[in-house]
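As structure tokens, the structure follows; a few thoughts come after it.
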Amino acid sequence: MEESNQVIHKETFPVTGITCAACASSVETILSYTDGVKSAQVNFASSTVLVEYTDEISAAGLNDALEAVGYGLITEKENVEETVSTNQREHYQELKKHTIGAAILTLPIFILGMFYMHWKPGTWISLALAIPVLSVFGRRFFISAWKQAKHKSVNMDTLVALSTAIAFIFSLFNTIFPEFWISRGFEPHVYYEAATVIITFILFGKLLEEKAKSRTSTALKNLMGLQPKTLKALINGEEKEIPISEVQKGYEIIVRPGEKIPVDGKVISGNSFVDESMISGEALAVEKSENDKVFAGTINQKGSFHFTAEKVGSETLLSQIITRVQEAQGSKAPVQKLVDKIASIFVPTVIAIAVLTFAVWMIIGGEDALSHAILNSVAVLVIACPCALGLATPTAIMVGIGKGAENNILIKDAESLEIAHKVNAIILDKTGTITAGKPTVSNIHWETEELKTKFAPILLAIESKSEHPLADAVSKKLSEEGFKSAEIKDFQSLTGKGVAAKNQSSEALYVGNLSLIKEQGISLNSEIQDKVKVWSKEAKTVVFFANEESVLAVIAISDQIKPSSKSAIEKLKEKGIDVYMLTGDNQQTAEAVAQEVGLTDFKAEVMPSDKSDFVKDLQAKGKVVAMVGDGINDSEALAQADVSIAMGHGSDIAMDVAKMTIISSDLEAIPKALNLSHMTVRGIKENLFWAFIYNLIGIPIAAGLLYPINGFLLDPMIAGAAMAFSSVSVVLNSLRLKGKRI
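Going by numbering that gives the first Met the number 0, the residue at position 709 of the sequence shown is 708; the numbering climbs one at a time, nothing skipped.
In structure tokens:
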């Protein structure tokens, strides 16, 4: 009964110290088992945790629970974003310094170990340089391995910590007590270069991962930046500028040309055109007049209006988009790296073999039992050093990313390059993806050439003054044809219909839609009617130019389909991939575009959340989904998809959310991206083969398997050389991808 009366607090806190998927899992587990916590859900993408907790524990108490194991929560309410951003920046800079520091100290150790191994002072110099590499620059691996051990699990960090620690301790003993081995007929080799090279390479891989991860939160910051920090409102009849946080439902808000709309509401006076591409994805601005709805984050064009605030704060459509993007990014648990999966089996196996080797040699080793036991068990651990394993994925990915850049494919996230070859469903946005995303004049039909010569300069003058988005397309076309603006007078905007003006002879002229022409009682001849029917079927917008007596010209405006869209879609279908088109545009336009590019699966008049839901529906059916888009309205679906691809000429937010960007905005690059993924993943698998073939052959030999047969024992120095050679094999194999065509 007492529990039912408890107040449940539900808060999201930024988490410090999360560097991998295992860390996220650890934070979730620790908090979930803390008294007073009902549930904890970590969003690895944004390094935050959503916690439901009772009054039994405070936010400070949650932080204490995590600090005990090396993590922490940012619990202050003010400047949270700034604090998180600062922490991420500081963590990245620290990692960068550690990587550079480790590389600088490792280079002389490597030279001494490889080329001056018998120079005694070189051993002591290597020792002095190796201590800071392991204890300062590489300490994160030992901390992570300890955290994993406390949770009874192992990962790549465990393998790094174990092998480098063994190599260092063994080398330290051989440096201080070389006579121990010399007296027993063995040479006291040191392996400082093996330990430090591993640390440096793995740090470099971590640096690349952290750089990619830091980009994830940029999308959310940019989405939040769409909402202005202040707004102008009429309060008690007086215009005041107030912070966005103070606005309340029912406030009368003033929006002037070029301003962002701060909250959702309804227009009460004035009219304008508003860029709603973040909602619909359509490049054409929407006309707004009395009683029309407006939405936060959309951009007002040339007019001004007043509206009543109806939804504020977290209720606005923009806030809902931000929330859904966060949920989509957080709901996809990061794919655990293949090397971590291998490490979870490989590490315990290697340790078991090393212990077994030591035990067997202690039993059967005779007089030199201890020497053989130590040398052979160390050889097992040294040959199992994960340098090649650590290089297997990053080297192939780095070459793949470079190859992508050569082909106008910018890859920001290694995970997407690994998954893309599995894609069997692709969703394409229409505007800006299949089409160019810019209204252009496709046809102008003048009744006669004489009328064109006389009235084209007047039409240019009228359209140059018009606020309608389509007017820019007409002005541009006429200017390209070499016309100059004529003088006009009495220009006026006719809401919802078009514009009117007079020439110098006071002749009334009209530019607008069919409603305007009918209202003026102007008839259409059969030729114009036929053209209007054809253009309408092709989903083109028809604009009429007329005087008081007749139509002088008709203009068709459309969003042109990119030349490569049809062939790219055909190539995707040939790969057995299901291709879908989603658009906020009307059914007729969607149908016309789909028919032209050869698509049968499409949906029109969809909202941003509909696109995201469509991705989820396909994923629920077992599909691996790629989403291709260019607008803010695509950001939810891009975040939800398994592979997200943005067009390079699209919005910054779409490119921030997406893990791949097609720099040229050419759909032909998408089949290439999928081919590149296939080649890269094949390269990773080949690398893992080369990384392990030496272990599979070398570990049994290092353990002394051949000793009963021919008396051969693998010297730890040879084991180290084999490990180094496997690394070279991996790098050379990765570089082969550079010469291949995609």
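In this text, a Cβ means the ideal position worked out from N, Cα and C, and glycines have one as well.
Take the alpha-carbon of Leu233 and the one of Asp291: they are about 19 angstroms apart. In this structure, the alpha-carbon of Ile56 lies about 11 angstroms from that of Val50.
The alpha-carbon separation between Gln491 and Met646 amounts to approximately 38 angstroms.
If you ignore the 5 residues before and after Gly597, its C-beta comes within less than 7 angstroms of the C-beta of Lys565, Ile568 and Glu569, all in its own chain and listed in chain order. Taking every protein chain shown into account, the CB of Val727 has fewer than 16 other CB atoms within 10 angstroms, so this residue is exposed.
DSSP lists Leu427 and Ile644 as the beta-bridge partner residues of Val627.
A residue is called buried when at least 16 other Cβ atoms come within 10 angstroms of its Cβ; Val135 does not meet this threshold and is exposed. The beta-bridge partner set that DSSP reports for Ile410 consists of Met659.
In the pairwise beta carbon analysis, the stretch 527-546 is classified as not touching the stretch 427-435: fewer than three pairs are separated by under 8 angstroms. Inter-residue distance for Thr392 and Phe345 is about 17 angstroms (C-alpha atoms, whole angstroms). Taking all protein chains shown into account, Gln639 has 16 or more neighbouring C-beta atoms within 10 Å of its C-beta and is therefore buried. The C-alpha of Ala129 lies about 22 angstroms from the C-alpha of Gln92. In the three-state reduction of the DSSP assignment, Thr33 falls in the coil class, being assigned neither a helical nor a strand state.
The beta carbons of Val498 and Phe544 sit no closer together than 8 angstroms.
The continuous beta strand (DSSP E) containing Asp274 extends over residues Asp263 to Asp274. In the three-state reduction of the DSSP assignment, Ser504 falls in the coil class. Between the stretch 392-402 and the stretch 674-687, the count of C-beta pairs closer than 8 angstroms reaches three or more; the two stretches touch. Considering only Arg138, Pro120 and Phe109, the residue with the shortest C-alpha distance to His97 is Arg138. In the three-state DSSP reduction, Trp118 falls in the coil class, being neither helix nor strand. With contacts defined by Cβ atoms closer than 8 angstroms, Lys501 and Lys488 form a contacting pair.
Here Trp360 is buried: its Cβ has 16 or more other Cβ atoms, across all protein chains shown, within 10 Å. For the 8 angstroms CB-CB criterion, Pro670 and Lys530 do not form a contact. Note that the C-beta distance between Lys402 and Leu111 is not below 8 angstroms.
Short of 6 angstroms from the beta carbon of Lys9, and not among the five residues preceding or following it, lie these beta carbons of its own chain, in chain order: Glu51. Going by C-alpha positions, Ile243 is about 18 angstroms away from Val266.
Here the C-alpha atom of Ile698 lies approximately 20 angstroms from the C-alpha atom of Tyr191. Comparing alpha carbon positions, the residue from Ile652, Pro347 and Ile321 closest to Ser162 is Pro347.
Between Ser514 and Gly520, the alpha-carbon positions lie close to 10 angstroms from each other.
Between Lys476 and Pro456, the C-beta spacing is not below 8 angstroms.
When rounded, the separation of the alpha-carbon atoms in Ala284 and Phe272 is 6 angstroms. Counted as a single uninterrupted DSSP element, the beta strand (DSSP E) harbouring Gly436 occupies residues Thr434 to Trp445.
Residues of the same chain with a CB within less than 8 angstroms of the CB of Glu27, apart from the 5 flanking positions on each side, are Ala39, Gln40, Val41 and Val48 in chain order. When the beta-carbon positions are compared, Asp629 and His648 come within less than 8 angstroms of each other.
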